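Asks: Final position of the sequence shown in numbering that gives the first Met the number 0 is 135; the numbers increase by one with none missing.
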Amino acid sequence: MIGRQVISSQTDNIVAQLLPNSGNGTNGVSQIMTATPSAIATKLNENADVIKSQSQGMISSAKATSTGSKVTYTLESSKLNKATVGALLLASGDQVEEVADKVLDSMKKAGVAQPKLQVDLTDDKGNVIKTLNYSA
Numbered sequence: 000m001i002g003r004q005v006i007s008s009q010t011d012n013i014v015a016q017l018l019p020n021s022g023n024g025t026n027g028v029s030q031i032m033t034a035t036p037s038a039i040a041t042k043l044n045e046n047a048d049v050i051k052s053q054s055q056g057m058i059s060s061a062k063a064t065s066t067g068s069k070v071t072y073t074l075e076s077s078k079l080n081k082a083t084v085g086a087l088l089l090a091s092g093d094q095v096e097e098v099a100d101k102v103l104d105s106m107k108k109a110g111v112a113q114p115k116l117q118v119d120l121t122d123d124k125g126n127v128i129k130t131l132n133y134s135a
């Protein structure tokens, strides 16, 4: 449950940073500003230290890259395995999907045709444990 609260809190913080700076703030997350895949990858990388520190040691590295219409976000951890990833997604999968939808919507609003988001969960050797793919 603590992990879910940490993820929720950090998701809200990252999403809030993508919100427009003008307006009264009452429109909430429904008005995420447009962003290219490159801009999204940059924002994710700027927040990597926050994500790592708030993960309570679960994430040792967080890195985003972009190519064309796709953002790839790689989260590395020596503590992840298929069972822990399954439990994490069971507890927080809806939040991951919500953020993915917002990222894809942001790219669509920026004029990106067929935007894609790929989240790779890897062990500390870089072996992919689970890949989550989202597209609009």
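Heads up, the beta-carbon is just placed ideally off N, CA and C, and yes, glycines get one too. Predicted model, so just to flag it, every value in this text is computed and none were measured.
#1: Drop a sphere of 10 angstroms on the beta-carbon of residue 29, count the other beta-carbons inside from all chains shown, and report buried for 16 or more, exposed for fewer.
#2: Distance check for residue 114 and residue 129, CA to CA, integer angstroms please.
#3: Please name the residue in 60, 91, 87 whose C-alpha comes closest to that of residue 46.
#4: Report the option in 38, 108, 74 whose CA atom is closest to the CA atom of residue 95.
#5: Grab me the residues of residue 134's own chain with a C-beta within less than 8 Å of its C-beta, minus the 5 sequence neighbours each way, in chain order.
#6: Spatial neighbours of residue 131 within its chain, please: CB distance less than 6 Å, with the 5 preceding and 5 following residues excluded, ordered by chain position.
#7: Quick check on DSSP: helix, strand or coil for residue 130?
Replies: Quick answer:
#1: The predicted model places residue 29 with a pLDDT of 42, which falls under 50 and marks its position as unreliable; any figure quoted below should be read in that light. Label assigned to residue 29: exposed.
#2: 20 Å
#3: For residue 46, the nearest C-alpha among the options comes from 60.
#4: 74
#5: 103, 113, 114, 115, 116
#6: 118
#7: Of the three classes helix, strand and coil, the one that applies to residue 130 here is strand, per DSSP.
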